[in-house]
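Undergrad: Just passing along the structure, written as structure tokens.
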Amino acid sequence: MLSRLCEQQAAIGAVLHSQRELLHLEHTPVEWRLIEDFLDLLKPFKDATTYLSSQSYPTSSVLGPLLVKMKDKIKVSSSDSQSLKSVKQAIGRYLDERYQDPAVRLVLNKASFLDPRMKTLPHLSPGEQEEVLDSLVNEIVTLGTSNSHPPDADSTSEQDTQPPSAKKSALENILGEEFFTTTCDEELSSATTVSLNELILSELSRFKAEPLLKLQDGKKVPGNSSDIRSV
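Heads up, the sequence shown is in this note's numbering, so the first residue is -3 and it goes up one at a time.
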């Protein structure tokens, strides 16, 4: 609405000047300038809303970086008018209240790390990046532990004559066979928690350090129906 108001500024002025009783409704140059400042302030929010409301793109992984960028856009400047400062401060308070829960922030940051486009987490401090890695390591270790079950008593006698099951554990499915020297469940369960943590952290660090593969024009983003040029 504000953008249309600015576009029709000349026409609105002509109509108001044509009728003397409407002259008091005309905006002053200061008011027009304030409207333009509000448009500049709100444009990034409009772009972000358009992106997040699209059904073709995943949203959780980009929400964290977008929030950081939005907060950068609303930093108060010494050249801002008092009205513009008040609006920026109000938006900042709303964003802080909306996303102040550390658990919510951590979920968004982990989603960003798992998105290859934002895995370097440039919007986070080194301490926050380390927190994300530690949380992912703990989740993977917990997942592997929860899928490891001791053998039943009835099946103990059968283990002497039957080969070990070829079924992979959840941890093997996540990290891949190249990270394990054996597929035996007993040897996997004998590994210490520390060694598993180091193994998982090494893999996550390697994922973070790998450069992105450049997709050719016309190719689709993996797991996405959108053309790479539109991302």
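We put the beta carbon where it would ideally sit given N, CA and C, even for glycine.
In angstroms, rounded to a whole number, what distance separates the CA positions of S56 and P207?
TA: Their backbone Cα atoms lie some 22 Å apart in a straight line.
Undergrad: Ordered along the chain, which non-local residues of its own chain (more than five positions away) have a Cβ less than 7 Å from that of L129?
TA: The residues are L197, L200.
Undergrad: Grab the span of the alpha helix (DSSP H) containing Q85 for me, first residue to last.
TA: It spans 78 to 94 - the alpha helix (DSSP H) in which Q85 sits, taken as one unbroken run.
Undergrad: Reducing DSSP to helix, strand and coil, say where P98 ends up.
TA: Helix.
Undergrad: Once DSSP output is grouped into helix, strand and coil, what is the label at I31?
TA: Three-state DSSP puts I31 in a helix.
Undergrad: For L62, which residues in the same chain have their Cβ closer than 6 Å to its Cβ, ignoring the five residues on either side in sequence?
TA: Result list for L62: A44, in chain order.
Undergrad: Mapping the DSSP letters down to three states, classify D36 as helix, strand or coil.
TA: Reduced to three states, the DSSP call for D36 is helix.
Undergrad: What do you reckon, are the CB atoms on V58 and L48 nearer than 9 Å?
TA: Yes, the pair counts as a contact, with Cβ atoms nearer than the cut-off.
Undergrad: Find the nearest neighbour of P0 within the set R29, L35, E27, judged by alpha-carbon distance.
TA: Contrary to the premise, residue 0 reads as Arg rather than Pro in this sequence. The shortest C-alpha separation from R0 is found at L35.
Undergrad: DSSP three-state call for S52: helix, strand or coil?
TA: In the structure shown, S52 sits in coil (DSSP, three-state: anything other than H, G, I, E or B).
Undergrad: Tell me the rounded alpha-carbon separation between I170 and I31.
TA: Low confidence applies to I170: its pLDDT is 39, below 50, so where it sits in the model is not reliable, and the reading given next is rough at best. Answer to the nearest angstrom: the Cα atoms are 53 Å apart.
Undergrad: Counting pairs of Cβ atoms below 8 Å between the stretch 121 to 128 and the stretch 77 to 87, do you hit three or more?
TA: Contact fails: fewer than three Cβ-Cβ distances are below 8 Å.
Undergrad: With a CB to CB cut of under 7 Å and the five nearest residues on each side skipped, what residues in its chain are close to K67?
TA: These residues qualify, in order along the chain: G88, L91.
Undergrad: Can you say whether T46 is buried or exposed, counting buried as having 16 or more other CB atoms within 10 angstroms of its CB?
TA: T46 comes out exposed.
Undergrad: Using a 10 Å radius around the Cβ and a threshold of 16 neighbouring Cβ atoms, would you call K106 buried or exposed?
TA: Per the 10 Å Cβ criterion, buried.
Undergrad: Rounded to a whole number of angstroms, what is the C-alpha to C-alpha distance between F203 and Q78?
TA: Spanning the two alpha carbons is a distance of roughly 47 Å.
Undergrad: Using three-state DSSP, classify I70 as helix, strand or coil.
TA: Here I70 sits in coil by DSSP.
Undergrad: Measuring straight from C-alpha to C-alpha, what distance separates V242 and L192?
TA: Residue 242 lies beyond the range of the chain shown here (-3 to 227); nothing can be said about it.
Undergrad: Exposed or buried, L117, counting other C-beta atoms within 10 Å across all chains shown (16 or more means buried)?
TA: Result: buried.
Undergrad: For S52, does the count of other Cβ atoms within 10 angstroms reach 16, so buried, or fall short, so exposed?
TA: With fewer than 16 Cβ atoms within 10 Å of its Cβ, S52 is classed as exposed.
Undergrad: Can you tell me which of the three DSSP states S142 falls into?
TA: In this structure, S142 counts as helix in the three-state DSSP scheme.
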